[in-house]
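Participant: Protein sequence lines, in the order shown, are assigned to chains A and B. First residue of the first sequence? That's 1 in the numbering used here, and the numbers climb one at a time after it. First residue of the second sequence? That's 233 in the numbering used here, and the numbers climb one at a time after it. The beta-carbon is built from N, C-alpha and C at its ideal position, and this holds for glycine as well. Submitted below is the structure of interest, expressed as structure tokens.
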Amino acid sequence: MWAITPDELTAIKLSLKVASVAMVFSLPLAVGVAFALSRGRFLGKTLLDGLIHLPLVLPPVVTGYALLLLFGKKGPIGSFLAETFGLVFSFRWTGAALAAAVMGFPLMVRAIRLAMDSIEPGVEAAASTLGASPMWVFLTVTLPMSAQGIIAGAMLSFAKALGEFGATITFVSNIPGETQTIPAAIYSLTQTPGGDDGALRLSLFSVALSLVALVVSETLARRAGSRGVRLQ
Amino acid sequence: MISFDCKRSRGDFTLDGKFETRDGVTALFGSSGAGKTTVLRLIAGLERPDHGRIVIGGTCVVDTEAGIWLPAHKRRAGLVFQDAQLFPHYDVHKNLTYARRFRPADEKALTFDTVIGVLAISHLLDRKPETLSGGERQRVAIGRALLSYPQILLFDEPLASLDLPRKLEILSLIEKIRDEFKIPIVYISHSVDEIARLASHVIRLAKGRVITKGSASDVLSLVKSPVAADRFDLVSMITAKVEREDNNYAVTVLAHPAGKIVVPYKVEPGQDHVKVAVRATNVTLALAPPGPMSVRTVLEGEVAEVQESDGPFALVTVRLTGGDRVYAYMTRMAAAELKLKAGVRVFALAKTVAMDERGIGGLRLS
Numbered sequence: 001m002w003a004i005t006p007d008e009l010t011a012i013k014l015s016l017k018v019a020s021v022a023m024v025f026s027l028p029l030a031v032g033v034a035f036a037l038s039r040g041r042f043l044g045k046t047l048l049d050g051l052i053h054l055p056l057v058l059p060p061v062v063t064g065y066a067l068l069l070l071f072g073k074k075g076p077i078g079s080f081l082a083e084t085f086g087l088v089f090s091f092r093w094t095g096a097a098l099a100a101a102v103m104g105f106p107l108m109v110r111a112i113r114l115a116m117d118s119i120e121p122g123v124e125a126a127a128s129t130l131g132a133s134p135m136w137v138f139l140t141v142t143l144p145m146s147a148q149g150i151i152a153g154a155m156l157s158f159a160k161a162l163g164e165f166g167a168t169i170t171f172v173s174n175i176p177g178e179t180q181t182i183p184a185a186i187y188s189l190t191q192t193p194g195g196d197d198g199a200l201r202l203s204l205f206s207v208a209l210s211l212v213a214l215v216v217s218e219t220l221a222r223r224a225g226s227r228g229v230r231l232q
Numbered sequence: 233m234i235s236f237d238c239k240r241s242r243g244d245f246t247l248d249g250k251f252e253t254r255d256g257v258t259a260l261f262g263s264s265g266a267g268k269t270t271v272l273r274l275i276a277g278l279e280r281p282d283h284g285r286i287v288i289g290g291t292c293v294v295d296t297e298a299g300i301w302l303p304a305h306k307r308r309a310g311l312v313f314q315d316a317q318l319f320p321h322y323d324v325h326k327n328l329t330y331a332r333r334f335r336p337a338d339e340k341a342l343t344f345d346t347v348i349g350v351l352a353i354s355h356l357l358d359r360k361p362e363t364l365s366g367g368e369r370q371r372v373a374i375g376r377a378l379l380s381y382p383q384i385l386l387f388d389e390p391l392a393s394l395d396l397p398r399k400l401e402i403l404s405l406i407e408k409i410r411d412e413f414k415i416p417i418v419y420i421s422h423s424v425d426e427i428a429r430l431a432s433h434v435i436r437l438a439k440g441r442v443i444t445k446g447s448a449s450d451v452l453s454l455v456k457s458p459v460a461a462d463r464f465d466l467v468s469m470i471t472a473k474v475e476r477e478d479n480n481y482a483v484t485v486l487a488h489p490a491g492k493i494v495v496p497y498k499v500e501p502g503q504d505h506v507k508v509a510v511r512a513t514n515v516t517l518a519l520a521p522p523g524p525m526s527v528r529t530v531l532e533g534e535v536a537e538v539q540e541s542d543g544p545f546a547l548v549t550v551r552l553t554g555g556d557r558v559y560a561y562m563t564r565m566a567a568a569e570l571k572l573k574a575g576v577r578v579f580a581l582a583k584t585v586a587m588d589e590r591g592i593g594g595l596r597l598s
């Protein structure tokens, strides 16, 4: 009853891979966007803000379909990336990672932006009057002072990626070993006669994994809060 | 040192000022909302003027006509903020050495050890800013600014959030920096007493404009009309020799040719002359030497001028025996009933308890 089958193990490994890649690749972009939204004054800021939050409110199927249109084999971005870099998203695990990254992106940006908004502007001003260039201020003041938000955002995005279903299945389908993440595997098992045990095992595993991610993020954030992250 | 000529409008507030600062301490003085902080932020490079030009120590840092703009990090203007603004994620040592990597190659005047010695913060180096008291935080902030090798130090009401003993502590530190490190200082405050003690040159701002500028004793005592000025802002400055410290009563007795002056607390060791700021509202005039009474400071002199307002008040200027002037605010009624006019001999009385320690140079609380 409790033994995990090789197929289920494949789904678990794939989920972890997809979620990690989604988190790692979207993090630098999310930090940049959060910084622009928090500090910048530019035309179209509200539009950018809205665009980023769109996946949060759209039905996931719509987001998945939009990804299919843009990043599919014949999509404008998808065909360009496939020709130039040989990077193919459609019906590949990379596509699952892209879908997970897009769905988790608003959560990540939000957490980081909140942290950056709460930094007292005087601290950054002090750094610049001491001789620090804007880049150095960002690296030694803004980034470490928003460490808690960055960690929280990364973990939220990771947890969201583990649970992402709608956009993924629309964009890259449900191919065992390639795009079948834990939620897709659970869905398949519930549609299969005699798959209940497997669905329950994967569900319990999913709950445990999410809990671990949350506890780890809380701990890291608390440590960053008390000691600070040192870059210098 | 700094030549400032800028215009900047935001909302319904317009700053439009032109002045030069001197070596030593130049004070920017004015009530809140006068534009003092904006001036400092313009000098530091944290704000841009709409029009204007600022030169710091021979380097033009902004000139809107010529299209010159030097960003804050290239100006070498050390700013000490009202609320310290230390880096919360670094300990005190890292805060102090933050500017080390930006040190210009030719700079070796100030060493880390000298600065922490003068500021007496060597025991705090391992602490995080959140564990420091307000006064300690401000001392670290001053040290951090000093160790950025500034051409000029800018203080934005550094005493505003401190209690009185802490205020005096930081004031004597700023005096030390002024005298030992010879860095020109621009000091913002709305307290006449602080400015009387620190500054040699004062620029007075009101509603975004420079209303008077000149030497400290001129600006702080310059009153065109007693009605127009805030009578609580007018102080006279008296310089007197230290005669003795009275440990029994924790006061210091100063000798002036016009009489003795009793100030509260002790004076920093090594000081033989002390500058005392006396508010015009704390001075009482008597026509004869008063009999037994609690006031300890009685100074002899003669009336130089009586200025009357349309309102209830008159301002009497007294020339003390041996130099120095003392201003006394009183009612027009009192001035009339005593028949005060130029040449009348008077005795000026000042209560020790009404003297603000912040206005007495070189004072220490112990």
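Decide if the segment 253-263 of chain B is in contact with the segment 291-304 of chain B; the criterion is three or more beta carbon pairs, one per stretch, under 8 Å apart.
Facilitator: Output reads no: the segment 291-304 of chain B does not touch the segment 253-263 of chain B.
Participant: In the DSSP output, what is A309/B paired with across the bridge?
Facilitator: Looking at the DSSP assignment, A309/B forms a beta bridge with I384/B.
Participant: Compare the C-beta of S133/A against all C-beta atoms of chain B and say whether one is closer than 9 Å.
Facilitator: It does; some Cβ of chain B falls within 9 Å.
Participant: Could you tell me which chain A residues have their CB closer than 7 Å to the CB of F579/B, listed as they occur along the chain?
Facilitator: By Cβ distance, chain A contributes nothing, its closest Cβ being about 50 Å from F579/B, past 7 Å.
Participant: Taking the C-alpha atoms as reference points, what is the distance between V455/B and A586/B?
Facilitator: With a pLDDT of 48 at V455/B, under the threshold of 50, the predicted position of this residue should be treated as unreliable, and no value is reported.
Participant: Is A321/B helix, strand or coil when you go by DSSP?
Facilitator: At residue 321/B the sequence reads His, which differs from the Ala that was named. Reduced to three states, the DSSP call for H321/B is coil.
Participant: Please determine if the segment 357-365 of chain B and the segment 112-121 of chain A are in contact, where contact requires at least 3 C-beta pairs separated by less than 8 Å.
Facilitator: The segment 357-365 of chain B vs the segment 112-121 of chain A: no contact.
Participant: Mind listing the chain B neighbours of M116/A? Cutoff is C-beta to C-beta under 9 Å, in chain order.
Facilitator: Neighbours of M116/A on chain B: none; closest Cβ ~14 Å, over 9 Å.
Participant: On a CA-only basis, which of R333/B, I420/B, Y322/B is nearest V372/B? Give me that one, please.
Facilitator: Nearest option by C-alpha distance: Y322/B.
Participant: So, helix, strand or coil for A19/A, using DSSP?
Facilitator: Three-state result, A19/A: helix.
Participant: Using a Cβ cut-off of 9 Å (strictly closer), state whether Q185/B contacts chain A.
Facilitator: No information on residue 185/B is available, as it lies outside the stretch 233 to 598 that chain B covers here.
Participant: So that I know if they touch, is there some Cβ in chain A lying closer than 9 Å to that of G276/B?
Facilitator: At residue 276/B the sequence reads Ala, which differs from the Gly that was named. Interface residue, yes.
Participant: Please report how far the alpha carbon of F25/A lies from the alpha carbon of L211/A, in whole angstroms.
Facilitator: C-alpha separation (whole angstroms): 23 Å.
Participant: Given a limit of 9 Å on CB to CB distance, which residues of the segment 346-377 of chain B reach chain A?
Facilitator: Of all residues in the segment 346-377 of chain B, K360, A373, R376, A377 have a Cβ within less than 9 Å of some Cβ in chain A.
Participant: Check the Cβ-Cβ distances between A304/B and every residue of chain A, and say whether any is below 9 Å.
Facilitator: It does; some Cβ of chain A falls within 9 Å.
Participant: DSSP three-state label for L531/B, please.
Facilitator: Note: L531/B maps to strand in three-state DSSP.
Participant: Counting C-beta neighbours from all protein chains within 10 Å, is the total for G249/B 16 or more, i.e. buried, or is it exposed?
Facilitator: Counting Cβ neighbours within 10 Å, G249/B comes out buried, since at least 16 surround it.
Participant: How would you call I286/B, buried or exposed, if buried means at least 16 neighbouring beta carbons within 10 angstroms?
Facilitator: So I286/B counts as buried.
Participant: Identify which residue in E368/B, P397/B, Y561/B, K445/B has its Cα closest to the Cα of A431/B.
Facilitator: Among E368/B, P397/B, Y561/B, K445/B, the Cα nearest to that of A431/B belongs to K445/B.
Participant: Exposed or buried, P524/B, counting other C-beta atoms within 10 Å across all chains shown (16 or more means buried)?
Facilitator: Answer is exposed; the Cβ neighbour count stays below 16.
Participant: Ordered along the chain, which non-local residues of its own chain (more than five positions away) have a Cβ less than 8 Å from that of Q232/A?
Facilitator: Only weak support is given to the placement of Q232/A: the predicted model assigns it a pLDDT of 35, under 50, and the value that follows is read from those uncertain coordinates. Once the five neighbours on either side are set aside, the close Cβ partners of Q232/A are T140.
Participant: Would you report the Cα separation of M469/B and S449/B, rounded to the nearest angstrom?
Facilitator: If you take the alpha carbons of M469/B and S449/B, they lie about 7 Å apart.
Participant: If you measure from the beta carbon of G310/B to each beta carbon in chain A, is any gap under 9 Å?
Facilitator: Yes, because at least one Cβ of chain A sits closer than 9 Å to the Cβ of G310/B.
Participant: Using a beta-carbon distance below 9 Å, is V137/A in contact with chain B?
Facilitator: It does: the Cβ of V137/A has a partner Cβ on chain B nearer than 9 Å.
Participant: By how many angstroms is the C-alpha of A509/B removed from the C-alpha of R429/B?
Facilitator: Going by the C-alpha atoms only, they are around 7 Å apart.
Participant: List the residues of chain A whose Cβ lies closer than 7 Å to the Cβ of S404/B, in chain order.
Facilitator: In chain order: nothing, as chain A lies at least about 24 Å away.
Participant: Exposed or buried, T563/B, counting other C-beta atoms within 10 Å across all chains shown (16 or more means buried)?
Facilitator: By the 10 Å Cβ count, T563/B comes out exposed.
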